[in-house]
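The block underneath contains the structure these notes are about, expressed in structure tokens.
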């Protein structure tokens, strides 16, 4: 069941030479004796390999921008891009004013051949006018798609003219699908403009409550962020904004007054986290609200950061209360999950986060990986200075921010900051690999061929991935759990989420349906009667 | 729900809000899956391919395989030839399909990649085939993409190798579910007519659970069959938008007589299908099918009071909506709002494959129903129509559920995609059997509502 370099080599030998050479660098067998193992990540996808990856548009509009509910998001392109990112990621949103919640709408300029030939700027401007007339959103975003960059539509000019005409913020995002090598480029592009145009645009100079925080890189899939906020509010935190699950332009504007930024998904939001620290002096804390222990650790780290005995007391009180509720329930699920193994291959952060939750159920994650994470997500942020940008990623703009002369305030004195950094992951992320055990496999940009091979070899009890893999894996008789959409369940974050996850995982193991795969005529004797020839020594 | 949609309708020309269509390549991918041992390939950046695979997986709840050229910015500027050649080499080496069916996206179309030349220069192993279709996302809809890929099959594969045509019919089923394709094949078998159906996704996207994953399942039209389509006597194209173009192309290329008829949804369109087969192949309608038809009419008569006079809004892909509108009229219902997202011309270049507004408009006129009909419309507008003139029933794909909830309308799911219910793709809506199923769905939706809304004293045991 264990995997070693030789076995790995056999798998890769099926590849054409160039492909083999490339893929070898993206697969690591964890060796605890080595201080650090280097993986290659965030490089271009091999054509024809059947990757799970998406594009920069998906990373920008689909992931980061889309959840902002009071904003109309216009896709400038042919119909597909807008259509496929319409209600398919389960970033939930509720609004006290439903006429300002556009989450179930899809806006597309629906470019036609004539727009490709003569340019689509005029149509885009018309769409903005119509959106303003009908919807009156708090802001508008325009996301570019593949052909837009090629035909040279100037989105910046259209956005600027629209701002002058309508007096609201109109942001454009050059997130053409071919930018970068994956969704990751889109995260970066979205981060830049949100930082430049939205965060800090509000009037607030001080937070309207105690322990003010932002939650960064949390998209409220299946209500995750609501469960996290429930816990935080019960302890006494003031959640100023969530980026961007159930988020809004109005909240994001004042995100600058927080005392601490929590980072759940490092990959998608670390750019904003860093820039907030540079510009406003607000440190960020890597948190993980997936899994009971991770949630507790995160809450305690937050309490350490604020260093207020009252907050610490309240934190422990809430932890104790929540634990009393969830622990007995988890016990019953553990009995069924104990000793089972999992694959965990998800976008850019869950591949790590869910390993702890599996472990709490007594399950080992024997293979994990990301579609589009960078080396720092695998190896930790120490590796950042060594990462060289390659040709495919060079043209993603880097935004450089300076300390805000009026608003910059060191939230924590430098000395205490250094003290804290020794205790808690302040402005630091250690990556996924450090938490994995010897012999476990790390795969970057896992493809269909490798999925089949690793399943044959490691025979996991459950495969946690996305919709494109799900039915492939289930056809093999192995339960498949979607960790993007949660199979339309959730929340999975926080205390209650852990229980929901445990319930769903357990259900996937004990469902009677698996027992019917082999028809009765296949595992029972076909003929009734006697065997005459050569079988019986006494006759 | 959808609280931002006002009742007042204003003319819009800037684009689409809540589309009733998607883009070409997904239709081409679906069509390509209807070839046996074929891997669809998306020549563009990989986001499209992932989106299309995801969407088909959600509708069929089955594995959907396809590869991509994975364009980067460099290939977007200098052309994607190298990407496609690498992809072809890798796909055959690693996945070993018999056929690769390449389609394009708005990216490679805008660049102007010359696919025939690239494919000619690629390393294709002996006995393997690469076909292609141009599927620019900025023309037409997913239905156009389906049509283009089927046409691509004809272009590359159909061959007239015999002096005299065989007594067999080509059936192009259109963009319908595998359950529908199975039903159409059953009808042909019962009629005793030799046929080639292409594409045929039954056995591919409705494959059984066996505990063993097959990357290329049993189903799909074989290469031999696809080649032999050039030798058939007639091509029956079911649905002009999805299937007409390929049938005409097969006529041009191999002199196979084309016959374009409606998707056989409902009694009239099913009758028309059977009559066409009967006339072309001089066979009698077998008692089995006659009995099914009689059962259908029996049910229609028994239950007409459930349906009669009820106002309906219907949207979806043009071939399905045209046939379904006809069926609704046969039931005495009033389809007052009829809309498709696909443009009237279907988007095919230089060829008008249908005229949705005229065809549906004519039907309504004949039935004396005053209704609104629109091609290239969107669901935002449909919702506004409904706000202005309410209906008793909404029929359409999953996206309709938001309107149904907002306006509290009974809802029947029909067409593509259906993302929030299962089983639908396994069972037919075509033929007499399919019509019975539709009747049951409509009845259930209307009567469940009547039960829900009834006061205790008006609650009925027998309905």
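Chains as they are written, first to last, in the UniProt record's numbering: chain A, 1 to 539; chain B, 1 to 463. Backbone N, C-alpha and C define an ideal beta-carbon position, used for all residues, glycine too.
Item: Member of 514(A), 518(A), 511(A), 499(A) whose CA lies at the smallest distance from the CA of residue 227(A); Value: 499(A)
Item: Straight-line Cα distance separating residue 427(A) from residue 308(A); Value: 20 Å
Item: Continuous beta strand (DSSP E) stretch holding residue 170(B): start and end; Value: 166-172
Item: Meets three-Cβ-pair contact criterion under 8 Å: the stretch 136-143 of chain B and the stretch 162-182 of chain A; Value: no
Item: Short Cβ contact (8 Å threshold) for residue 468(A) with residue 52(A); Value: yes
Item: Within-8 Å CB hit, residue 113(A) to chain B; Value: yes
Item: Nearest neighbour of residue 402(A), chosen from 278(A), 524(A), 377(A) [CA to CA]; Value: 278(A)
Item: CB contact check: residue 295(A) to chain B, cutoff 8 Å; Value: no
Item: Closer than 8 Å at the beta carbon, the chain A residues around residue 29(B); Value: Under the 8 Å cutoff, chain A gives no residues; its nearest Cβ is about 12 Å from residue 29(B).
Item: Residue 318(B) and residue 356(B) closer than 8 Å at C-beta; Value: yes
Item: Any C-beta of chain A under 8 Å from that of residue 133(B); Value: no
Item: Segments of 3+ residues assigned as beta strand (DSSP E) that fall wholly inside the stretch 61-107 of chain B; Value: 99-104
Item: Those runs of the alpha helix (DSSP H) which lie wholly inside the stretch 245-305 of chain A and span at least 4 residues; Value: 249-252, 266-280
Item: Three-state secondary structure assigned by DSSP to residue 380(B); Value: helix
Item: Proximity test, Cβ basis, 8 Å: residue 350(B) and chain A; Value: The predicted model places residue 350(B) with a pLDDT of 49, which falls under 50 and marks its position as unreliable, so this point remains unresolved.
Item: For residue 46(A) and residue 19(A), the rounded distance between their alpha carbons; Value: 7 Å
Item: Interface flag, residue 475(A) vs chain B, CB-CB below 8 Å; Value: yes
Item: Neighbour flag for residue 59(B) against chain A, beta carbons, 8 Å; Value: no
Item: Cβ of residue 12(B) within 8 Å of any chain A Cβ; Value: yes
Item: Within chain A, partners of residue 6(B) - CB distance below 7 Å; Value: 134
Item: Reduced DSSP secondary structure (H/G/I, E/B, other) of residue 236(B); Value: strand
Item: Pairwise C-alpha distance: residue 434(B) and residue 291(B); Value: 14 Å
Item: Residues from the stretch 199-213 of chain B in contact with chain A, defined by Cβ distance under 8 Å; Value: 207, 209, 210, 211, 212, 213
Item: Residues near residue 134(B) in its chain [Cβ-Cβ closer than 6 Å; skip 5 each side]; Value: 104
Item: Close beta carbons around residue 160(A), own chain, < 7 Å, minus the five adjacent residues each side; Value: none
Item: Sub-8 Å separation of residue 229(B) and residue 158(B) beta-carbons; Value: yes
Item: Buried or exposed (CB count within 10 angstroms, at least 16 for buried), residue 183(A); Value: buried
Item: Own chain residues within Cβ distance below 8 Å of residue 409(A), not counting five before or after; Value: 280, 281
Item: Chain A within 8 Å of residue 146(B), Cβ atoms only; Value: no
Item: is_contact[residue 55(B), chain A] using C-beta, thresh 8 Å; Value: yes
Item: C-beta atoms of residue 466(A) and residue 377(A) nearer than 8 Å; Value: no
Item: Any chain A beta carbon closer than 8 Å to residue 88(B); Value: yes
Item: Contact set between residue 396(B) and chain A, taken where Cβ atoms lie within less than 8 Å; Value: Per Cβ cutoff of 8 Å: no residues; residue 396(B) is ~15 Å from chain A at best.
Item: Proximity test, Cβ basis, 8 Å: residue 178(A) and chain B; Value: yes
Item: Coarse secondary structure for residue 350(B), derived from DSSP in three states; Value: Residue placement at residue 350(B) cannot be trusted, given a pLDDT of 49 that sits under 50; the coordinates are not used to answer.
Item: Positions along the stretch 354-381 of chain B whose CB lies within less than 7 Å of some CB in chain A; Value: none
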